[in-house]
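There are 2 protein chains.
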Amino acid sequence: MNVETMISLVLASGLLALAYAFARARWIGRQSAGTEKMVEIAGYIADGARAFLRREYRVLAAFVALVAVFLALVNRSADTSWLIAVSFAAGALASGLAGFIGMTVATRANVRTANAARTGLAPALNVAFSGGLVMGLSVVGLGVLGLGGLFLAYHAAGWEAARIIHVIAGFSLGASSIALFARVGGGIYTKAADVGADLAGKVYEGIPEDDPRNPATIADNVGDNVGDVAGMGADLFESFVGSIISAMVLGAVFADAFVAAGTGELNAVTLPLVLAGVGVLVSVLGSMAVRVREGGNPQKSLNIGQFGASGLMAALAYFVIRWMLPARWETAGVEYTSLGVFIAVAIGLLAGVSIGLVTEYYTSTQSRPAHGIAHQSVTGSATNIIAGLGVGMFSTGLPAVILALAILGSYHFAGLYGLAVAAVGMLSVTGIQLAVDAYGPISDNAGGIAEMSGLPEEVRARTDKLDAVGNTTAAIGKGFAIGSAALTALALFAAFKQQAQVPSIDVSDPRILSGLLLGAMLPYVFSAMAMGAVGRAAGDMILEVGRQFREISGLREGEARADHTRCVDISTKAAIREMVAPGLLAIAAPVVVGFIDKSMLGGLLAGVLVSGVLFAIFQANAGGAWDNAKKLIEGNISIDGTMYGKGSDAHKASVVGDTVGDPLKDTSGPSLNILIKLIAVVALVIAPLIA
Amino acid sequence: MNVETMISLVLASGLLALAYAFARARWIGRQSAGTEKMVEIAGYIADGARAFLRREYRVLAAFVALVAVFLALVNRSADTSWLIAVSFAAGALASGLAGFIGMTVATRANVRTANAARTGLAPALNVAFSGGLVMGLSVVGLGVLGLGGLFLAYHAAGWEAARIIHVIAGFSLGASSIALFARVGGGIYTKAADVGADLAGKVYEGIPEDDPRNPATIADNVGDNVGDVAGMGADLFESFVGSIISAMVLGAVFADAFVAAGTGELNAVTLPLVLAGVGVLVSVLGSMAVRVREGGNPQKSLNIGQFGASGLMAALAYFVIRWMLPARWETAGVEYTSLGVFIAVAIGLLAGVSIGLVTEYYTSTQSRPAHGIAHQSVTGSATNIIAGLGVGMFSTGLPAVILALAILGSYHFAGLYGLAVAAVGMLSVTGIQLAVDAYGPISDNAGGIAEMSGLPEEVRARTDKLDAVGNTTAAIGKGFAIGSAALTALALFAAFKQQAQVPSIDVSDPRILSGLLLGAMLPYVFSAMAMGAVGRAAGDMILEVGRQFREISGLREGEARADHTRCVDISTKAAIREMVAPGLLAIAAPVVVGFIDKSMLGGLLAGVLVSGVLFAIFQANAGGAWDNAKKLIEGNISIDGTMYGKGSDAHKASVVGDTVGDPLKDTSGPSLNILIKLIAVVALVIAPLIA
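From first to last, the protein sequence lines are chains A and B. Quick note on numbering: the first sequence equals residues 80 to 770 in this note's numbering. Quick note on numbering: the second sequence equals residues 80 to 770 in this note's numbering.
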């Protein structure tokens, strides 16, 4: 099969995913949104989300235009520069579009999930999961369409592979730029609103934190969509695209050997795209398996979809790889086999699932760590915090070992290319993985809407059941996002080294060690910036809530309406203002260091990678464990013979831990995924300039 | 001057330091210990400290004997093996002896400082500083005596330099082993007692935390001596010795060039020892400048001693280096100059001072970070914790830049040797640096004794003034300890690479990247172990305090005596029991990885180094800033127009931050200094086996 046909099939899979997503979105739209009150509240949330997108996209458009012009002009002698700029804009557009579709549908699915929960658990799960699936399929569909489309276009122009890949790397940079805004900005937005709403209830007495009279609650619900749906989507879009591109870069070296073996010259370059296309189809199939009977266990149903998809993907990958690659070949004196490449892909899939399960262990209400924190809450906030920090630190152990084994294993079986295809393997099921992730915040929103609209107890009980499952899937999703970011950054790192022609990145060379040290420091400073931003924005939110309660007469009595839009506006402005500094840091650091010394940039990349991954896992798991320790106590728990529940001192201590964990697990921690990938992508794009 | 004469002079400087320390210790002993009550309380503390030392040294003796036998037998074919074992035992003995002397004198100086404070500030400062000086001079004195003595002995046996240095590396391993026990065990001891005493007061109502009836208070005071005096001493002893040895290893390559230049063949090997000897004398001179007039500023006086010593050291180093090294020489195609070596030493001195000052900025009550945390305490514990974590994260930025510049600069001017002598330069003033550090806990103890003995207000006011200065010097000392650990580990790393004949530690090689990732993970797991140990031991302490109040009738009324020894025993046992697991991790990790693959061990070392340094700075500075934010509020502070002081909600929130910060800044954070050095030393010692 020639390259054009192969890529056309990949494009078809992308179109199919989008069509299926469109059908599901239409189906969601046809469901009833329930009572007038429900429609009103959902309207506020949807308006807020749209307001954020509008403002964010205005800033983004300016930023993308600026960077595109810069990319086109920076190296005018190369005729490819303006095409890099075009690829960059396409990447930004695709990521932005996926975010727009996902968030729009999520803000429709939330209220319809709440309404479906009035009849039963099964229909509610169906709506919530469908909402998440639209996000997941939009991401992978637009990802393969964008990459495949550009590849096909440049290939049709008769370009050689190296040149095509160099230009397409711009697509990844575009995706990263949007991811930076969406993940960092979204993270700041959601936690500014959340922490602000919580503390406003504390500072100004008489305003319960979840009360519809509290003007910040709508912003809080908008935040779930902005941060956990759109932010997570942009994050995984970047990983998905980045892993494919780096595998394409690293596959280019096999061309001669493939010609000699009688296989398609570019098959190692197109394999990542084909695997991604197969993954898209597998995700659609997997999503069809997610069905729950009334009274059934939603977790089980989601697991069948997710693990089933991973298993099916592994099986199909075997045949695709056997079909596309020679059984064995030699390049630069090293022997490769198609079986080895398959094993690398399987290792990636397995590592993704394993890291997710470890994350679940450390954060779940079922296992020891969260129980330990709940126990330590009895002696107060301080011991609760110490215990949570300890859990977060300890939880880095196994994921580090899993990643190290995945790196060693995939490299052993297929060299640097193996490393990159392991990342592709892990991310091939992104479609269903993201569906399961985004299902969480939709269920969370549904619960909030049910509460605020005064729906009966049993409805809330059903959405709570969905939400509890959502917490677990969110934890797994975070682990997956970090793990995939690590492997993607690693693959980009390998691609960078090749493109920049760095002979060796020897850490015993002081320049490289300095780079390593500076790189390892960046995640700390970046996290501090994100945390500081949340603190400042939450402070503004508290002041605004106080102002409204003072100035809007009748608000406290529930007779006047709170001005939600002002709070939404504060979160929006803060998110967009505050993401500039960390964003500049992430973009400037590799450029400055790279032009000083390309080997030092290599050290910087390695430092950001290892330090960022560990610091992100630490933050995400500490936050998740604190959250669930609080939930354990809220569900009444017996500790050393005494019962503790809502309102107990132990509960108060656990609330402190949960509030501390919020920005760690939802703002600074996940932002590090972007940091490590963005720095690697920037390095890859400037690689030919510093080579 | 021949080698023997030169080393003899170094030995003389060590003897002089010990003699001067002995004289000061005698002088302290001659001061009055005050009232009967004071003597009684001080007696409990001294007994507790001795009890800990006895038990610790018993375990240590067994451990040292075991390792010595192992070292002697592991490579029986080499005739040097048993001499490595002897060197190892000597290093352990020297470190243990320094700790014994320092702690014994500190537990005498504390009560005498309290008594001197009854007459004035100046005499109190004099006693406290003298107590610290004994520790400082014992460390550097025994350090140069041990290293110089072994060198002289082996040299007299007619050995060549490479062989001597290989054997002497065992001395460093001995020092590291004691440091592990002293720092990790001491850190666990002190915070188990501190947190346990605090929480016991909270859990069992009616037992104020600082009350002499609380059986855990004595253990708390013992902890200051065990952790902050002996632990810090062992930590710096290890850095001091490690930096000298790695510079000796790296200086051996210049022998041929020196012979050609007509200079002493071994001058580059002996220079680190000579610089250390000069530093010992400079410390003695600097200590003489520490004098305060009544009503004067103790901080200023300590600064004159410390910065004056650094300046003098730089000046003397210039002449020593000009005298010992050729003006210029060439080795392996690279040109070196004596001026370059001097600049490297000066860079080390400057970096040490700079990192200390940055640490002071981030933790001082005078500057913005602590004020920011105090402000955030108004909205509760959660915002206090978030703010403190943010300060800790942000504070890693400048030290990382300073270290990177120091690495780049010293390497630029004198290659790998420059890197190692920069560490020697930084540590050359360890004598006075440690005196200033150990002065803090002595003043702290003096304040506690004054309080418990019911001395008049004004006495407590004077010890508080000394203690406040002590907090600042402690922060600077912590920064210095981390910075010097980093440079020492780096120098050891360079020495390891040479000894193990690792051609390249290229992080783009997946084996090495895996090592890097695993290495970067170790500080997290190690810290989690240390924090968990504190939590468990504090829990035991709380139970014991409760038991005593239940079972000893009359204790609550102040009529019966609390059984302090039981609490001291709990802390002691816990410290010794709990340091085993992290200790094994630190020793086993490099051995296991090293025998799998020596390059992977190189990656592991680099990972532990950068991740450990940053995580240690994060923990130390977050802890210090929380501590001083609490102090700010306790001193009454106006925030947004409202006054907050002791007992306010803001104060309660700040106490939570302080308690969380305690194990971070005094147990897990400082333990990482040992981790990064110990792993590097173990790697260096096994280097010839895996070469």
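Where a beta carbon is used, it is the ideal one built from N, C-alpha and C, also for glycine.
Buried or exposed by the 16-neighbour rule on C-beta atoms within 10 Å, applied to residue i
i	result
residue 149 of chain B	exposed
residue 111 of chain B	exposed
residue 535 of chain A	exposed
residue 675 of chain A	exposed
residue 745 of chain B	buried
residue 741 of chain A	buried
residue 677 of chain B	buried
Partners in chain B for residue i, counting only beta-carbon separations shorter than 8 Å
i	result
residue 735 of chain A	459, 460, 461, 464 and 735
residue 572 of chain A	587
residue 681 of chain A	586 and 587
residue 306 of chain A	Those within 8 Å of residue 306 of chain A in chain B number zero; the least Cβ separation is about 17 Å.
Counterpart residues of residue i in DSSP-defined beta bridges
i	result
residue 415 of chain A	A/408
residue 723 of chain B	B/716
residue 585 of chain A	B/585
Test item: CB-CB of residue i and residue j under 8 Å
i	j	result
residue 598 of chain A	residue 692 of chain A	no
residue 498 of chain A	residue 490 of chain A	yes
residue 683 of chain A	residue 668 of chain A	yes
residue 235 of chain A	residue 647 of chain A	no
residue 523 of chain B	residue 552 of chain B	no
residue 78 of chain A	residue 94 of chain A	Given that chain A is displayed from residue 80 to residue 770, the structure contains no residue 78 of chain A and the question cannot be resolved.
residue 276 of chain B	residue 293 of chain B	yes
residue 161 of chain B	residue 171 of chain B	no
residue 212 of chain B	residue 371 of chain B	no
residue 267 of chain A	residue 638 of chain A	no
residue 320 of chain B	residue 250 of chain B	yes
residue 222 of chain A	residue 173 of chain A	yes
residue 453 of chain A	residue 718 of chain A	yes
residue 253 of chain A	residue 166 of chain A	yes
residue 342 of chain B	residue 395 of chain B	no
Residue i: contacting residues in chain A (beta-carbon distance under 8 Å)
i	result
residue 583 of chain B	583, 585 and 587
residue 475 of chain B	600, 603 and 604
residue 690 of chain B	599, 689, 690 and 693
Partner residues on chain A for residue i, Cβ-Cβ distance less than 7 Å
i	result
residue 742 of chain B	465
residue 479 of chain B	596, 597 and 600
residue 468 of chain B	610
Residues that residue i contacts on chain B, provided the C-beta gap is smaller than 9 Å
i	result
residue 415 of chain A	Those within 9 Å of residue 415 of chain A in chain B number zero; the least Cβ separation is about 15 Å.
residue 580 of chain A	By Cβ distance, chain B contributes nothing, its closest Cβ being about 12 Å from residue 580 of chain A, past 9 Å.
Chain A residues whose Cβ lies nearer than 9 Å to that of residue i
i	result
residue 710 of chain B	Per Cβ cutoff of 9 Å: no residues; residue 710 of chain B is ~17 Å from chain A at best.
residue 672 of chain B	Correct list: empty, because the minimum Cβ distance to chain A is about 10 Å.
Per-residue contacts from residue i into chain B (C-beta, under 7 Å)
i	result
residue 593 of chain A	483, 486 and 487
Is there contact here, the stretch 415 to 427 of chain B with the stretch 535 to 548 of chain B, by at least three beta-carbon pairs under 8 Å?
With a cut-off of 8 Å, the stretch 535 to 548 of chain B and the stretch 415 to 427 of chain B do not count as touching, because too few Cβ pairs lie within range.
Are the stretch 441 to 450 of chain A and the stretch 701 to 713 of chain A touching by the rule of at least three beta carbon pairs closer than 8 Å?
Segments in contact, yes.
Take every Cβ of the stretch 264 to 271 of chain A, pair it with every Cβ of the stretch 607 to 624 of chain A, and state whether three or more of those distances are shorter than 8 Å.
yes
Quick one: any contact between the stretch 323 to 331 of chain B and the stretch 350 to 358 of chain B, if contact means 3 or more CB pairs under 8 Å?
The stretch 323 to 331 of chain B makes contact with the stretch 350 to 358 of chain B: 3 or more CB pairs, one atom from each, lie closer than 8 Å.
Does the stretch 692 to 701 of chain A come into contact with the stretch 551 to 568 of chain A, if we say contact requires no fewer than three beta-carbon pairs (one atom in each stretch) closer than 8 Å?
yes
Counting Cβ pairs closer than 8 Å, one from the stretch 563 to 572 of chain B and one from the stretch 308 to 320 of chain B, do we hit at least three?
yes
Hey, is the stretch 627 to 638 of chain A in contact with the stretch 500 to 516 of chain B, meaning 3+ C-beta pairs nearer than 8 Å?
At 8 Å Cβ cutoff, the stretches do not touch.
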